[in-house]
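**Q**
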Amino acid sequence: MLKIFKIVALLEGVSYLLLLFVGVPMKHLADNPSMVKAMGMPHGLLFVAYIFLAFLIKDQMKWDTKTLIVVLVASVLPFGTFYIAKKYLGARI
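Quick note, the sequence shown lines up with residues 17 to 109 if you use my numbering.
In structure tokens form, the structure reads like this:
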């Protein structure tokens, strides 16, 4: 389960950055919403999977409530899931 969470954390982070720094500017500056439409659903599914998996591995990782909150809040911050993957999961980025 931990390995799956690492992968989801990294994919969620990449999809968020693509939406935020490519999709949204294309939508508003170039009047081209295609990237937002293409990445919106995959990002949403990865976001939900990240939250769900965080709760599932909480006990395995021995996270207290504060750590779990940090892990959850990181999902809405740009580069947040990369920080979590490195600091709490030992993933090499």
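Positions of the beta carbon are idealized from the N, C-alpha and C atoms, including for glycine.
For His59 versus Leu26, is the C-beta spacing smaller than 8 Å?
**A** To locate residue 59, count along the sequence shown from 1; it is residue 43. To locate residue 26, count along the sequence shown from 1; it is residue 10. Not closer than 8 Å, so no.
**Q** On the criterion of 16 or more Cβ atoms from any shown chain inside 10 Å, does Val87 qualify as buried, or is it exposed?
**A** Taking the sequence shown and counting its residues from 1, the one referred to as residue 87 is at position 71. The residue is buried, with at least 16 neighbouring Cβ atoms inside 10 Å.
**Q** Could you work out which residue in Val89, Thr97, Met17, Asp75 is closest to Gly29 when comparing CA atoms only?
**A** Taking the first residue of the sequence shown as position 1, residue 29 is located at position 13. The candidate whose alpha carbon is nearest that of Gly29 is Thr97.
**Q** Take Ile73 and list the residues in its own chain whose beta-carbon comes closer than 7 Å to its own, dropping the five residues that flank it on each side.
**A** Start at 1 with the first residue of the sequence shown, and residue 73 comes out as number 57. Around Ile73: Met17, Leu18, Phe21.
**Q** When the Cα atoms are used, what is the spatial distance from Met51 to Pro41?
**A** Reading the sequence shown from its first residue, position 35 is the one you call residue 51. Reading the sequence shown from its first residue, position 25 is the one you call residue 41. Their Cα atoms are separated by approximately 10 Å.
**Q** Can you have a look at Met55 and say buried or exposed, based on whether 16 or more other CB atoms are within 10 angstroms of its CB?
**A** For the purposes of this step, residue 55 is taken as the residue at position 39 of the sequence shown. Met55 comes out buried.
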